[in-house]
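See structure below.
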Amino acid sequence: MTTEEIDATSVDDFDPYRATGLWHILATNLNIWKDKLTPTITFSIHDQLSDGRVRLNDLVEYYSKRPCFGYRPTSDEGIDTQLPSKASRFQWRGNGIYKIFANDFGFIFVDNQTASDRPYQWVATICSSTLFSSGGINLMTRTRQPPPHILNDFVRFCRENPILKAKSLNMYYTREKSEDEVYYIRDLQID
Numbered sequence: 063m064t065t066e067e068i069d070a071t072s073v074d075d076f077d078p079y080r081a082t083g084l085w086h087i088l089a090t091n092l093n094i095w096k097d098k099l100t101p102t103i104t105f106s107i108h109d110q111l112s113d114g115r116v117r118l119n120d121l122v123e124y125y126s127k128r129p130c131f132g133y134r135p136t137s138d139e140g141i142d143t144q145l146p147s148k149a150s151r152f153q154w155r156g157n158g159i160y161k162i163f164a165n166d167f168g169f170i171f172v173d174n175q176t177a178s179d180r181p182y183q184w185v186a187t188i189c190s191s192t193l194f195s196s197g198g199i200n201l202m203t204r205t206r207q208p209p210p211h212i213l214n215d216f217v218r219f220c221r222e223n224p225i226l227k228a229k230s231l232n233m234y235y236t237r238e239k240s241e242d243e244v245y246y247i248r249d250l251q252i253d
């Protein structure tokens with residue numbers, strides 16, 4: 063994903079405070095999640111910059127397969143800095159040994175049904191590639207079992223957006239158990 067594509071598809075109206083908390087990555091096309099189980103992201107407020115922009119703590123947790131040990135919990139941390147161009151645009155930078163890595167991402171699909179004083183219940187992000195992963199899209203929900211209309215709305219949204227139509231191809235549902243098959247979101251029936 064290019065910076066221009068991320069800018070063009072990111073929403074104009076976004077409140078980072080409503081995005082804090084635990085998110086389940088329900089569907090994705092990022093190659094890093096194919097062999098992982100139950101990936102989640104937890105956003106919390108890190109601080110507010112003097113110009114009003116927000117920095118978020120970004121904790122990614124999942125189970126990864128380790129030879130001879132099976133699936134073990136793993137986590138990665140970073141800081142997401144809101145960019146001045148749009149409230150929905152951020153740059154992620156890793157912590158610790160990952161501090162030299164960064165990538166851009168944006169929120170492209172946000173919950174528009176929940177009251178504005180309540181947390182979002184679903185969002186989708188688009189991100190650029192890193193050394194570890196291709197760029198792609200994550201659909202995230204507060205629960206692993208969201209109402210079916212959310213998935214239908216998301217699929218319809220991607221099909222109608224000229225940039226996302228091609229970029230959302232080969233999205234699949236993340237796995238909950240090691241024996242789960244990978245199911246592609248394109249197989250979802252739309253009402």
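Okay, so the sequence shown: first residue is 63 according to this note's numbering, each after it adds one. Cβ atoms here follow ideal geometry from the backbone N, Cα and C, with glycine treated the same way.
*Please list, in chain order, all residues of the same chain as residue 142 whose beta carbon is under 6 Å from its beta carbon, the five residues on each side excluded.*
118, 120, 152 and 154, listed in sequence order.
*Start and end of the alpha helix (DSSP H) containing residue 215?*
210-222
_Tell me which residue opens and which closes the beta strand (DSSP E) that residue 123 is part of._
116-128
*Does DSSP put residue 135 in a helix, a strand or coil?*
Assignment of residue 135 by DSSP, reduced to helix, strand and coil, places it in the strand class.
*Which two residues bound the contiguous alpha helix (DSSP H) that contains residue 65?*
65-71
*Alpha carbon to alpha carbon, how far is residue 250 from residue 217?*
Residue confidence for residue 250 is low, a pLDDT of 48 falling below 50, so the modelled location carries little weight; the figure read from the coordinates is stated next. Rounded to whole angstroms, residue 250 to residue 217 spans 8 Å at the Cα level.
*Three-state secondary structure (DSSP) at residue 206?*
In the structure shown, residue 206 sits in coil (DSSP, three-state: anything other than H, G, I, E or B).
*For residue 85, which of 66, 133 and 181 has the nearest alpha-carbon?*
181
*Any idea which residues DSSP pairs residue 5 with across the strands?*
Nothing about residue 5 can be reported from this structure: the residues present for the chain run from 63 to 253 only.
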